[in-house]
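At position 115 of the sequence shown (counting the first as 1) the number is 98 in the numbering used here, and the numbers step up by one without a gap.
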Amino acid sequence: MAFQIVDIYERLDMVAQDGDIEGLYELIAEYPNILEHFDNVSFCETPLHIAAEKGQTHFAMELMNLKPSLALKLNVSGFSPMHLALQNNHIRMVRGFLAMDSSLVSIKGRGRITLLHYVAQLGNEDLLSEFLFACPSSVEDLTIKCETAVHVAVKSQQFMAFKVLLGWVRRVNREEILDWKDEDGNTVFHIAASMNQTEVDVSLIIKCLLFDTNMISILLK
């Protein structure tokens, strides 16, 4: 019986890799509780992780429809299926996940890094905007280093991503987020000023005029 169960999960991994939806339903017909197993394991590589990594978009959407909780699972490396899809540049799948559950933008992976943090680091302006509109509260999420997505964009020197985030906090009247400090006690303004990057400094000064003229003195010290 134990060998039979192992064989079933090996087959499940294979259909996930191949994106074989028909094979998935054949396994479910054989073993109706096959997906329940994953609810009982804290960290594991689910078939949704495998499909996300391999870019099997339709299979991933079908599986998430059958078992939404799989999208919340972290693997042993601390990543959700949506993290893996983004890391492997499967953008259509990322948007599919987003359409099915917008709250996945805020799922905390390794280091409490969310999808918003990750796209801020990458500088993907389109996804950044989509994530913010889909899950507005995600702009408040903090990494284990107390970094907002704005901190991450500045530290990664992603100037356009930084511009998108500044525009967003202004749009939603959450300018106070710009004053939040990371674990070292630095706001995004302090970090930008310390980087000695002309493009960052000029951009920040222009933006600060829109938010708080008192912040200019910090940048010019």
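For glycine and all other residues, C-beta sits at the position ideal for the given N, C-alpha and C.
Contacts around residue i, its chain only, beta-carbon distance under 6 Å, and the 5 residues preceding and following it disregarded
i	result
alanine -1	Pro30, Ile33, Ala34
Where residue i falls, given that 16 or more other Cβ within 10 Å makes a residue buried
i	result
valine 137	buried
leucine 49	exposed
serine 63	buried
valine 135	buried
aspartate 165	buried
aspartate 167	exposed
asparagine 107	buried
Close-in-space but distant-in-sequence residues of the same chain around residue i (CB under 8 Å, 5 per side omitted)
i	result
threonine 181	Residue confidence is low: threonine 181 scores 49 on pLDDT, short of 50, so the model does not pin down where it sits. Its coordinate-derived value is still stated next. Here the set comprises nothing.
aspartate -10	none
arginine -6	Gly6, Leu10
Minimum C-alpha distance to residue i - residue among the options
i	options	result
leucine 58	Lys91, Arg78, Ile160	First, the amino acid is wrong: residue 58 is asparagine here, not leucine. Answer by Cα proximity: Lys91.
arginine 95	Thr126, Glu13, Tyr(-8)	Thr126
asparagine 156	Val122, Thr170, Arg78, Leu67	Val122
serine 85	Asp124, Phe172, Ala117, Leu7	Ala117
leucine 105	Asp124, Leu81, Asp1, Asn72	Asn72
glycine 2	Val24, Ile17, Asn16, Leu46	Leu46
cysteine 129	Thr170, Leu98, Ala144	Thr170
lysine 37	Phe80, Ala68, Ala82, Phe145	Ala68
Integer Cβ distance of residue i from residue j, believed to fall under 8 Å
i	j	result
valine 152	leucine 161	6 Å
phenylalanine 114	valine 88	5 Å
isoleucine 4	histidine 41	7 Å
arginine 93	serine 60	7 Å
valine 77	leucine 99	Going by Cβ atoms, the distance from valine 77 to leucine 99 rounds to 12 Å, so no, they are not a contact pair.
Beta-carbon proximity list for residue i, same chain, < 7 Å, skipping 5 on both sides
i	result
phenylalanine 21	Cys27, Thr29, Leu53, Lys56
isoleucine 11	Ile17
tyrosine -8	none
threonine 214	This structure gives no information on residue 214, because the portion of the chain shown stretches from -16 to 204.
isoleucine 174	His134, Val137, Lys138
Any non-hydrogen atom of the ligand ATP closer than 7 Å to residue i Cβ
i	result
glycine 168	Ligands displayed in this structure: none; no statement on the ligand ATP is therefore possible.
Next item on the list: Could you pull out every unbroken alpha helix (DSSP H) segment of at least 4 residues lying fully inside the stretch 120 to 154, listed in chain order?
Entry: Listed in chain order, the complete alpha helix (DSSP H) runs (minimum 4 residues) inside the stretch 120 to 154 are 132 to 138, 142 to 154.
Notebook entry, point to check: What are the complete beta strand (DSSP E) segments, minimum 3 residues, inside the stretch 56 to 110?
Noted result: Here no run is fully enclosed.
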